[in-house]
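Only one structure is covered here, and it is reproduced in the block below.
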Amino acid sequence: MEKFAPVKRSGDGQPVRYLIVDDSVFARKNLAQMVETFGGQVAGEAGDGVAAISEYERLTPDIVLMDITMPQMEGIEAAEQIVRKHPGARIVMVSSVGYQENIVAALQRGARHFVQKPVKPEVLYEVIKYVMRDEQAAAQSAGAGA
Amino acid sequence: MNRLRRRVREQEPSMRMELIQPFINSADAVLAQGLESPVSIENLTMDEEAYRRKGIAAEVCLTGDIEGRIIFDADEKAAKSFARHLAGAEAPGADDLAREAVCELANQIIGNAVTVLNDQGFHFRVHPPTLLASEQGSKSSEDTEAVVLCLSTQSGSVFMNVALRYHHRMMEAATAAR
Numbered sequence: 563m564e565k566f567a568p569v570k571r572s573g574d575g576q577p578v579r580y581l582i583v584d585d586s587v588f589a590r591k592n593l594a595q596m597v598e599t600f601g602g603q604v605a606g607e608a609g610d611g612v613a614a615i616s617e618y619e620r621l622t623p624d625i626v627l628m629d630i631t632m633p634q635m636e637g638i639e640a641a642e643q644i645v646r647k648h649p650g651a652r653i654v655m656v657s658s659v660g661y662q663e664n665i666v667a668a669l670q671r672g673a674r675h676f677v678q679k680p681v682k683p684e685v686l687y688e689v690i691k692y693v694m695r696d697e698q699a700a701a702q703s704a705g706a707g708a
Numbered sequence: 004m005n006r007l008r009r010r011v012r013e014q015e016p017s018m019r020m021e022l023i024q025p026f027i028n029s030a031d032a033v034l035a036q037g038l039e040s041p042v043s044i045e046n047l048t049m050d051e052e053a054y055r056r057k058g059i060a061a062e063v064c065l066t067g068d069i070e071g072r073i074i075f076d077a078d079e080k081a082a083k084s085f086a087r088h089l090a091g092a093e094a095p096g097a098d099d100l101a102r103e104a105v106c107e108l109a110n111q112i113i114g115n116a117v118t119v120l121n122d123q124g125f126h127f128r129v130h131p132p133t134l135l136a137s138e139q140g141s142k143s144s145e146d147t148e149a150v151v152l153c154l155s156t157q158s159g160s161v162f163m164n165v166a167l168r169y170h171h172r173m174m175e176a177a178t179a180a181r
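Set out below in structure tokens:
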């Protein structure tokens with residue numbers, strides 16, 4: 563797999579912690595391998611939207627990679643519930659179903675970005691960097707104000 | 004590809020090529036990207052019988068403007084090879100991983116195809132893939148024959164059995180518009 567410069571949390575320089583949510587063990591394994599090549603750490607995994615909500619509460623990851631089509635509770639609803647309670651949650655939807663309505667619905671309900679499957683590592687990497695930018699900006703402005 | 008399109012049109016006017024083409028394109032693209040090797044379409048036929056599983060198969064159902072189901076089926080050797088290739092290494096529990104690989108490939112191929120159909124104005128819901136455990140899958144419905152697509156990859160053969168029809172609301176709207 564391609565080499566990527568590690569994406570770190572700007573506040574403490576620690577690896578970005580991910581929660582990976584997908585009903586496919588295979589897809590989770592695949593995403594886990596990818597985020598490790600980005601210098602990230604898999605904090606936890608969940609197989610449906612209900613488990614994603616409880617795992618988010620327990621782990622408070624930096625980023626959630628969330629599938630859409632899942633049993634019990636779909637990813638968009640889970641994202642909405644997480645963001646309602648944690649407005650700073652960074653959720654990236656990762657789904658093979660990438661039509662406009664789905665993307666708009668996900669973004670309206672609080673997701674930060676959307677990546678279509680099959681996931682290209684270089685695309686996910688750019689999205690992760692983009693989504694983590696707000697944390698870097700916050701850290702920089704805090705540094706400037708100190 | 005035009006030859007295949009003509010064959011389907013001649014043989015089955017009710018299963019419109021506009022519904023099938025996105026699945027062919029998507030299977031071609033997803034498999035070629037995932038396996039990093041070329042894929043060729045070996046055969047395209049019609050099937051009125053209940054589906055007979057050939058290896059490890061996953062079924063995805065669609066409901067909405069277009070209804071039906073798609074079965075993605077890979078022979079066992081091909082499925083294990085997909086799993087190895089996509090996971091990047093031989094892994095313990097290869098059988099489980101092969102089943103997961105088939106479900107995930109089905110999910111990606113069908114998800115990408117319905118994305119195209121949705122952008123053409125069809126609205127529907129995609130249900131999560133389920134593994135077909137029985138030897139025989141569900142028969143296509145009485146007014147829908149299935150299109151069976153055979154694709155050849157370096158890892159082995161894969162089959163897609165696509166049985167879709169327009170929902171009655173769509174048919175009525177089309178009739179009213181004429």
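Respectively, the protein sequence lines represent chains P and R.
Under this note's numbering, the first sequence has 588 at position 26, and the numbering climbs by one with no breaks.
Under this note's numbering, the second sequence has 51 at position 48, and the numbering climbs by one with no breaks.
Glycine is no exception: its CB is placed at the ideal position from the N, C-alpha and C atoms.
If you're wondering where the values come from, they're calculated on a predicted model, not measured in any experiment.
**Asked** In chain order, what residues of the same chain have a beta carbon less than 6 Å from the beta carbon of Glu579 of chain P, not counting five sequence neighbours either side?
**Response** The sequence shown places Arg at residue 579 of chain P, not Glu. Contacts found: Gln603, Ala605, Pro623 and Asp624.
- Three-state secondary structure (DSSP) of Val150 of chain R: strand
Discussion item. Can you check which of these residues, P:Val583, P:Arg571, P:Lys691 and P:Arg695, is closest to Pro633 of chain P by C-alpha distance?
Written reply: P:Val583
Check: Asp78 of chain R C-beta below 8 Å from any heavy atom of the ligand GTP
No copy of the ligand GTP appears in this structure; indeed no ligand is present at all.
For this session: Return helix, strand or coil for Asp68 of chain R, following the three-state DSSP convention.
Result: coil
**OP:** Tell me, please, whether the stretch 123-130 of chain R touches the stretch 28-42 of chain R by the rule of three or more beta-carbon pairs shorter than 8 Å.
**Re:** no
| request: Tell me where the alpha helix (DSSP H) around Leu167 of chain R begins and ends. | output: First-last for Leu167 of chain R: Gly159 to Tyr169, but that is the beta strand (DSSP E), not the alpha helix (DSSP H).
Q) Should Pro25 of chain R be flagged as near chain P, meaning a C-beta pair shorter than 9 Å? A) no
Exercise for review: Going by DSSP, name the residue or residues bridged to Phe676 of chain P.
Suggested key: P:Met655
Rounded to the nearest angstrom, what separates Ala651 of chain P and Ala640 of chain P at their Cα positions? 12 Å
* **Same chain, Cβ closer than 8 Å to Leu621 of chain P, five either side skipped, listed in chain order** => Arg579, Leu581, Ala605 and Gly606
Notebook entry, point to check: Who pairs with Val129 of chain R in a beta bridge, going by DSSP?
Noted result: R:Leu65
Which residues of chain R have a Cβ atom closer than 7 Å to the Cβ of Gln662 of chain P, listed in chain order? Asp122
Just to check my reading of the structure: Thr66 of chain R and Tyr661 of chain P have Cβ atoms closer than 8 Å, yes? What is that Cβ distance to the nearest angstrom?
That belief does not hold up - the Cβ atoms of Thr66 of chain R and Tyr661 of chain P are roughly 15 Å apart, past 8 Å.
> So what does DSSP say about Ile690 of chain P, is it helix, strand or coil?
Replying inline: helix
- Pull up the distance between the alpha-carbon of Glu45 of chain R and that of Ser586 of chain P, whole angstroms please. 29 Å
Local conformation of Leu135 of chain R per DSSP, three classes:
coil
Discussion item. Can you confirm whether Asn115 of chain R, when its beta carbon is compared against all beta carbons of chain P, has any partner nearer than 9 Å?
Written reply: yes
Notebook entry, point to check: What is the C-beta distance between Ile644 of chain P and Val626 of chain P, in whole angstroms, given that I count them as a contact (C-beta under 8 Å)?
Noted result: 7 Å
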